Amino acid sequence: MAKEGAHMTEETEFMIDKNVGKERDKVESSSDAKEMRAIILTGFGGLNKLRITKKAMPELQEGEVKIRVKACGLNFLDLMVRQGNIDNPPKPPLVPGFEVSGIVESVAENIAEFEVRDRVMALVNYNAWAEVVCAPVDFVYKMPDDMTFSEAAAFSLNFVAAYMMLFEVANLQEGMSVLVHSAGGAVGQAVAQLCSTVPNVTVFGVASSSKHAAIRDSVTHLFDRNADIVQEIKKISPEGVDIVLDSLCGENTGKGLSLLRPLGTYILYGASNMVTGETKSFFSFAKSWWQVEKVNPIKLYEENKVMAGFSLLNLLFKHGKCSHVKSVMDKLLRLYDQKKIRPVVDSLWALEEVKEAMQRIHDRVNIGKLILDVEKSPTPLMANDSTETSEAGEEEEEPEGDNDSKERMPFIH
Ligand SMILES: NC(=O)c1ccc[n+]([C@@H]2O[C@H](COP(=O)([O-])OP(=O)(O)OC[C@H]3O[C@@H](n4cnc5c(N)ncnc54)[C@H](OP(=O)(O)O)[C@@H]3O)[C@@H](O)[C@H]2O)c1
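Using the working numbering, the letters of the sequence shown map in sequence onto residues 3 to 415.
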């Protein structure tokens with residue numbers, strides 16, 4: 003996909019960008035359409051690197067399932083990709099996104115698991131934010147009948163990651179305690195729900211205070227992200243906790259390890275602290291890296307502590323563990339059927355609203371997952387507002403006449 007985009011000049015992309023709203027209705031849902039709408043990242047950086055454009059329809063390859071996309075998941079990781087804040091990022095232009103839900107449009111030969119019109123969700127290695135996605139069959143999962151497309155796009159990445167960290171890496175058992183950062187976020191809420199499936203698990207959640215009223219019932223103890231977590235937790239549990247789930251990295255690594263009980267497990271699974279503004283900060287990157295480098299393995303051995311790392315996307319797309327992940331998905335779908343878990347959807351956004359949606363994450367206000375709803379029309383622009391906000395730093399200059407510099411009203415689910 004990146005290759006196709008590479009042939010476009012910036013000017014051509016912008017022209018398509020301007021016409022895409024008008025042309026939207028012409029892009030039929032029929033399988034014989036030659037083009038589709040997609041979001042592309044034209045280069046690493048701020049929100050203005052995102053464009054909605056038209057691209058050639060992907061062609062079904064051997065071993066793939068072609069999906070007419072209904073909803074795409076927008077993850078914190080997508081912000082990091084946009085900034086170029088990840089290891090070995092692919093070269094832009096690229097279509098971002100790692101998860102979709104939708105309806106099977108066609109299936110490659112010799113694939114028996116799926117049929118045309120099946121409702122499915124899929125994890126993909128980029129290219130998710132488009133009207134049509136071709137995914138290798140190993141990364142496609144059937145949706146339960148009563149699951150909505152937005153729920154499905156909010157399900158795979160967060161719940162599989164949360165499940166594997168809690169039950170496979172850290173071996174969560176009855177009576178244990180878990181510390182989770184960004185507890186109001188998509189993974190945070192999945193962790194809280196999965197912990198509630200085990201008796202007597204104490205969850206220490208950390209989140210911005212503005213979210214506390216909404217998420218208080220999902221965890222046992224809730225702290226503001228600016229509080230001294232080590233002190234606060236030790237007041238309640240002097241011995242510390244059994245499991246620390248750290249998606250922040252940097253100085254949190256040392257703090258998390260200091261809170262671990264003997265035989266406790268610390269898992270690093272994200273580096274949200276590296277995002278300090280709209281564009282990548284080399285200072286934050288270096289600071290986080292330096293602070294983590296200081297962890298001493300000999301101390302781990304002396305203190306009987308386990309330190310682990312977890313990356314679901316690497317597990318799937320680098321380490322080839324797709325059948326293992328499928329078995330985890332089966333367990334999660336059983337929990338969903340038993341109504342023990344249900345993805346929390348924060349808000350739905352049209353593809354055209356991707357910048358505002360990302361801004362919502364930068365602003366730390368989401369509770370649960372943001373969804374790009376492919377069939378949603380953009381909400382009206384508010385003429386006098388701008389997308390500038392406090393924590394995401396300065397907006398870069400937009401091309402003249404670009405409506406995207408005005409704010410849209412989000413549709414809150
Ligand atoms: N390793 C894996 O397999 C895997 C899979 C999925 C996600 N992840 C990681 O898990 C973390 C959570 O992911 P998610 O998709 O569920 O996102 P999310 O938690 O919904 O992300 C938004 C929230 O993150 C918190 N946050 C922390 N640092 C921030 C920053 N610098 N800028 C803005 N918000 C910040 C904010 O909540 P508060 O202000 O309340 O803290 C914000 O509302 C991310 O680090 C992500 O990369 C890892």
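A virtual CB, placed ideally from N, CA and C, is assigned to each residue, including glycine.
Everything numeric in this text was worked out from a predicted model, so none of it was measured.
So residue i and residue j are supposed to be a Cβ contact under 8 angstroms. How far apart are they, rounded?
i    : j    : result
G272 : F100 : Wrong, their Cβ atoms sit about 14 angstroms apart, outside the cutoff.
A163 : L314 : 5 angstroms
V139 : V67  : 5 angstroms
L334 : F161 : 5 angstroms
A73  : S103 : 5 angstroms
E64  : A124 : Their Cβ separation, rounded to whole angstroms, is 17 angstroms, which puts E64 and A124 out of contact at 8 angstroms.
V135 : R119 : Between R119 and V135 the Cβ distance is about 16 angstroms, and since that is not below 8 angstroms, they are no contact.
S220 : I373 : The Cβ separation is near 19 angstroms, so there is no contact.
P95  : Y128 : Contact doesn't hold; Cβ gap of about 11 angstroms is too wide.
I231 : I369 : Not quite, the Cβ-Cβ distance comes to about 20 angstroms (not below 8 angstroms), so this is no contact.
F312 : I269 : 5 angstroms
M59  : K36  : 6 angstroms
L196 : L168 : 6 angstroms
M360 : L181 : About 27 angstroms; that fails the 8 angstroms criterion.
Mapping DSSP to helix, strand and coil, what is residue i?
i    : result
F285 : helix
G431 : Only positions 3 to 415 of the chain appear in this structure, which leaves residue 431 out of reach.
S313 : coil
C251 : coil
E25  : Here the model assigns E25 a pLDDT of 38, short of 50, so the residue's position is not dependable and the matter cannot be decided.
I369 : coil
T389 : For T389, the pLDDT reaches just 40, beneath the cut-off of 50, and the residue's location in the model is therefore unreliable, although a value from the coordinates is still provided. Of the three classes helix, strand and coil, the one that applies to T389 here is coil, per DSSP.
V346 : coil
L174 : coil
K257 : helix
S211 : helix
S379 : coil
D89  : coil
V308 : strand
A114 : coil
P146 : coil
P299 : helix
E280 : coil
K56  : strand
D268 : Asp is not the amino acid found at residue 268; the sequence shown has Tyr there. Residue state, collapsed to three classes: strand.
V200 : coil
E61  : coil
A156 : coil
F46  : coil
R241 : First, the residue type needs correcting, since residue 241 is Glu and not Arg in the sequence shown. In the structure shown, E241 sits in coil (DSSP, three-state: anything other than H, G, I, E or B).
Q361 : helix
L181 : strand
W351 : strand
Decide if residue i is buried, meaning its Cβ has at least 16 other Cβ atoms within 10 Å, or exposed.
i    : result
D375 : buried
K371 : buried
Y303 : exposed
R39  : buried
K57  : buried
H183 : buried
Q85  : buried
V142 : buried
K320 : exposed
P264 : exposed
A132 : buried
P299 : exposed
Q233 : exposed
S31  : With a pLDDT of 47 at S31, under the threshold of 50, the modelled position of this residue cannot be trusted; read the value that follows with caution. Exposed: under 16 other Cβ atoms inside 10 Å.
E390 : Since pLDDT at E390 reaches only 37, below the 50 mark, its modelled position is unreliable, and the value read off the structure follows with that caveat. Per the 10 Å Cβ criterion, exposed.
Q2   : Given a span of 3 to 415 for the chain in the structure shown, any question on residue 2 remains unanswerable.
E115 : exposed
K301 : exposed
E377 : exposed
D89  : exposed
E61  : exposed
N87  : buried
A310 : exposed
S329 : exposed
E355 : buried
S349 : buried
Worksheet item: Between the region 142 to 159 and the region 45 to 59, are three or more C-beta pairs nearer than 8 angstroms?
Response: no
Discussion item. Any contact between the region 166 to 183 and the region 202 to 209? By contact I mean 3 or more CB pairs, one from each, below 8 angstroms.
Written reply: yes
Fill in: Contact the region 210 to 219 vs the region 131 to 147: 3+ CB pairs below 8 angstroms
no
Worksheet item: Do the region 280 to 291 and the region 226 to 243 make contact, defined as three or more Cβ pairs closer than 8 angstroms?
Response: no
Worksheet item: Using 8 angstroms as the threshold, is the region 245 to 254 in touch with the region 162 to 174, meaning 3 or more CB pairs across them?
Response: yes
Worksheet item: Would you call the region 338 to 349 and the region 310 to 326 touching, i.e. three or more CB-CB distances under 8 angstroms?
Response: no
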